[in-house]
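Sequential numbering of the sequence shown, starting at 495, is according to the numbering used here.
Glycine is no exception: its CB is placed at the ideal position from the N, C-alpha and C atoms.
This one's a predicted model, so the numbers in the text were calculated from it and none came from an experiment.
For reference, the structure is listed below as C-alpha cells.
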Amino acid sequence: METKKDVAIVTGVSRLNGMGRAICKRLAMAGADICFTYWTRYDQAMPWGVETSEPDQIQKEIRSLGVKCEKIEIDLSEDLAATELFDFANSKIGGVSMLVNNATHSVKSSISTISSGVLDQHYAVNVRAVIMLIKEFTNRIEKGQRGSIVNLSSGQSLGQMNNEFAYAITKGAIDTLTTTIYSELAAKGITINAVNPGPNDTGWMEGDLKQELKNRFPMGRVGLPADTAKLVSFLCSEDASWITGQVIHSEGGFIR
495 METKKDVAIV
505 TGVSRLNGMG
515 RAICKRLAMA
525 GADICFTYWT
535 RYDQAMPWGV
545 ETSEPDQIQK
555 EIRSLGVKCE
565 KIEIDLSEDL
575 AATELFDFAN
585 SKIGGVSMLV
595 NNATHSVKSS
605 ISTISSGVLD
615 QHYAVNVRAV
625 IMLIKEFTNR
635 IEKGQRGSIV
645 NLSSGQSLGQ
655 MNNEFAYAIT
665 KGAIDTLTTT
675 IYSELAAKGI
685 TINAVNPGPN
695 DTGWMEGDLK
705 QELKNRFPMG
715 RVGLPADTAK
725 LVSFLCSEDA
735 SWITGQVIHS
745 EGGFIR
C-alpha cells in the first residue's frame, strides 16, 4: 500500500525571522506539505512588527522546496477557528497528519495590573485554541495513519517570568495538557510532545539584552529558530514514533 504523504499545519507563521518559518522550512525539507496560519494584526501591534509581504515570502520559499504550501490569515481565538483551519487545509492539500501549535499571545502583565480582558486574550490563544486544534486533529485523522502533535512551551516550570504573568500561566498549561492527554492519543496512534526552546532570537532580542542572554549560554551563542525547528521536525518523524507525553527543554544549557 502506498504511504500517504504527510501534511503539516503550523500555526503562528508570519515573520521571516520567526520560529514558525524555520519549522515550516524544516518540515518541508523532510517532504511534508505545509499549511500555515498567521495573524497580521497581532504582529503589527508588537515591538518587532511585521511586513505584510512576509507571509507571501515564506509561502514562496516553502514551495521552492518542492512541496505544496498554503497559508491562511486567521484569528485562532475565534470559536470556530479550528474547524475553519482544518476545513481549509483538507480542501487545499489533504488530510493533516502533523500539527505544530506555535502561535502565541503575549503582552506585558503583572498580578497587580492584570485585567480579565488581558487574561482572557491570553487564554483564548495560548490554551483554548491549542485544545480545540488538538481536538479537531484527533477527530479528523484517518484511521491507521500515524499522527504527530508538537506544542511550543516556554519553560515556565523552570523559573519565573517577570512581567509576563498572563503569558506564563497560560503557556504553563501547555505542559500539563501534553502530559495529561498523551495516553488517550497514543491509543489512536498519535504522539504529542511539548518543546521549550528557551530564549530564542526571533527578533525580540536587542543590544544589551541579547549580550546579557548570550553570556548565560555556555555554548557562547543564543538559541536560534533553526535549533527548535530541527527538534520539532524530529518529533514529527517516524524516528520519534516511540516518544510521547514529553516536555523537552531544548535550551542549549541556558543558565537561569
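Could you have a look at residue i and say whether DSSP puts it in helix, strand or coil?
{"i": "L593", "result": "strand"}
{"i": "F530", "result": "strand"}
{"i": "S647", "result": "coil"}
{"i": "E630", "result": "helix"}
{"i": "I503", "result": "strand"}
{"i": "I754", "result": "Nothing can be reported for residue 754: it is not among the residues displayed for the chain, which extend from 495 to 750."}
{"i": "C518", "result": "helix"}
{"i": "K565", "result": "strand"}
{"i": "M540", "result": "coil"}
{"i": "L729", "result": "helix"}
{"i": "E545", "result": "coil"}
{"i": "I552", "result": "helix"}
{"i": "I625", "result": "helix"}
{"i": "A524", "result": "coil"}
Nearest to residue i by alpha carbon, out of the options?
{"i": "T664", "options": "N596, Q650, Y676", "result": "Q650"}
{"i": "S727", "options": "S606, M523, V624", "result": "M523"}
{"i": "L593", "options": "M626, V741, L574", "result": "M626"}
{"i": "S744", "options": "G717, V621, T738", "result": "G717"}
{"i": "V689", "options": "E700, V619, T672", "result": "T672"}
{"i": "A617", "options": "G666, M713, E732", "result": "This sequence places Tyr at residue 617; Ala is not what is there. For Y617, the nearest C-alpha among the options comes from G666."}
{"i": "T485", "options": "F580, Q740, A516", "result": "Examination of residue 485 is not possible in this model, given that the chain is present from 495 through 750 alone."}
{"i": "W533", "options": "K708, G692, V619", "result": "V619"}
{"i": "L597", "options": "A583, K637, L574, S647", "result": "Strictly speaking, residue 597 in this sequence is Ala, with Leu absent from that position. Answer by Cα proximity: S647."}
{"i": "T722", "options": "F582, F580, R515, T577", "result": "R515"}
{"i": "R535", "options": "C518, E700, G506", "result": "G506"}
{"i": "I668", "options": "N645, E678, A680, L679", "result": "N645"}
{"i": "L679", "options": "M540, D614, G638", "result": "G638"}
{"i": "L613", "options": "E578, A662, D581", "result": "A662"}
{"i": "D500", "options": "R509, L510, C518, S508", "result": "C518"}
In chain order, what residues of the same chain have a beta carbon less than 6 Å from the beta carbon of residue i, not counting five sequence neighbours either side?
{"i": "L521", "result": "A502, S727"}
{"i": "E732", "result": "none"}
{"i": "A583", "result": "I503, C529, V590"}
{"i": "A575", "result": "I568"}
{"i": "T670", "result": "none"}
{"i": "C730", "result": "M592, S642"}
{"i": "R640", "result": "G683"}
{"i": "N694", "result": "G717"}
{"i": "S821", "result": "Nothing can be reported for residue 821, as the shown portion of the chain is limited to 495 through 750."}
{"i": "G512", "result": "T696"}
Tell me which same chain residues have a C-beta within less than 8 Å of the C-beta of residue i, skipping the five on either side of it?
{"i": "R622", "result": "S571"}
{"i": "A720", "result": "A516, R520"}
{"i": "V624", "result": "N595, N645, I668, L671"}
{"i": "G692", "result": "G649, G717, H743, S744, E745, G746, F748"}
Sorted by chain position, which residues of the same chain lie with C-beta nearer than 7 Å to residue i's C-beta, five sequence neighbours on each side aside?
{"i": "M713", "result": "G746, G747"}
{"i": "Y676", "result": "I686, T738, G739"}
{"i": "E636", "result": "G589"}
{"i": "K724", "result": "R520"}
Any C-beta of chain D sitting closer than 8 Å to the C-beta of residue i?
{"i": "A681", "result": "The structure shown has no chain D; it contains just one protein chain."}
Inter-stretch contact (C-beta, 8 Å, three-pair minimum) for the segment 552 to 568 and the segment 583 to 597: With a cut-off of 8 Å, the segment 583 to 597 and the segment 552 to 568 count as touching, because enough Cβ pairs lie within range.
Say whether the segment 673 to 690 touches the segment 624 to 632, bearing in mind that this needs 3 or more beta-carbon pairs closer than 8 Å, one atom from each stretch. yes
For the segment 590 to 610 against the segment 655 to 664, are there 3 or more C-beta pairs whose distance is under 8 Å? yes
Report yes or no: do the segment 521 to 528 and the segment 552 to 560 share at least 3 C-beta pairs separated by less than 8 Å? yes
Are at least three pairs of beta-carbons, each pair with one atom in the segment 544 to 552 and one in the segment 568 to 578, less than 8 Å apart? no
For the segment 567 to 622, list the beta strand (DSSP E) runs that are entirely contained and at least 3 residues long, ordered along the chain. 592 to 595
Whole runs of the alpha helix (DSSP H) within the segment 634 to 719, excluding any shorter than 4 residues: DSSP assignment within the segment 634 to 719 yields the following whole alpha helix (DSSP H) runs of 4 residues or more, N-terminal first: 659 to 680, 701 to 708.
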